[in-house]
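Here the sequence shown stands for residues -22 to -1, 1 to 165, where the numbers follow mature numbering (1 follows the signal peptide of the UniProt record, and there is no 0).
All C-beta atoms in this analysis are idealised placements derived from N, C-alpha and C, irrespective of residue type, glycine included.
Remember, predicted model here, so these are calculated numbers, not experimental data.
Read the structure below first, then the notes.
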Amino acid sequence: MTSTLLFKLYNFLAFSFPLVQGSCLSVSSEHCIFPFLSNDGKNLFYECDQDRKCAIEVEPNSRKAIKYSSCSDGCFDNSTVSYCRSTNPDGQSCKFPFKYGGLTHHQCTTMGRSESWCMLNDGITFAYCDRDCPGYEPAEDLMDTCKTTEGQICQFPFSYGSIIYHGCTLDGHDYPWCPTVVNGIGE
């Protein structure tokens, strides 16, 4: 990867997720801050690093760690598990942390979707987060802002060729396109 691409990827990852002072405490009883960028600028951490350390102070714009501390044992066991209500009709709860996209999430995420979601208690199924969940963000109102050249409202998200899209795509065409009608499963 080129350095420009890596920089863009870092900026997307680092600034797509809010700073979280969660239930993971350092041995000095200070809240660990996630995500944080290592002070050499090469690694972005969403949990304690390989040396069992976390940032307890970060630069506000870059999220580069200014001050580290050792993570307490509670950061590595079930004492950091938390739950919140999901919109799942079966009444299952969101369970944190969960792993997705190579990252450990300690709150709801919009990664890959336009609405905040979480992994359910079963560890397999996802659901959308209730507004009281940590990290909840209202769904982007894409339908009001994106229209076809004919003025029809685009429908997001949609599925095409086994890929879920949250915006217009060039997939299969020489020009950006979107569906104006989708079925009950987004196709």
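- With contacts defined as CB atoms closer than 7 Å, Glu35 and Lys45 qualify as a contacting pair.
- Here Leu148 is exposed: its Cβ has fewer than 16 other Cβ atoms, across all protein chains shown, within 10 Å.
- Spanning the alpha carbons of Lys20 and Lys42 requires a straight line of approximately 10 Å.
- According to the DSSP assignment, Lys45 belongs to the beta strand (DSSP E) that extends over 43 to 48.
- Straight-line spacing of the CA atoms in Ile142 and Pro135 works out to 7 Å.
- Under the DSSP assignment, Ala105 falls in the beta strand (DSSP E) whose first and last residues are 104 to 106.
- The Cβ neighbour count for Thr103, taken over all protein chains shown within 10 Å, is under 16; the residue is labelled exposed.
- Of the residues Ala105, Phe74, Cys26, the one whose Cα lies closest to the Cα of Ser16 is Cys26.
- Here the C-alpha atom of Cys111 lies approximately 32 Å from the C-alpha atom of Gly139.
- The C-alpha of Phe14 is placed about 14 Å away from the C-alpha of Arg30.
- Residue environment: Thr87 is assigned as buried (16 or more neighbouring CB atoms within 10 Å of its CB, all protein chains considered).
- In its chain, beyond the 5 residues on either side, Ile131, Cys132 have a beta carbon closer than 7 Å to the beta carbon of Lys125.
- By the neighbour-count definition (other C-beta atoms within 10 Å, threshold 16), His84 is a buried residue.
- Residue burial is scored here from C-beta neighbours: Ala117 has fewer than 16 other C-beta atoms within 10 angstroms and is therefore classed as exposed.
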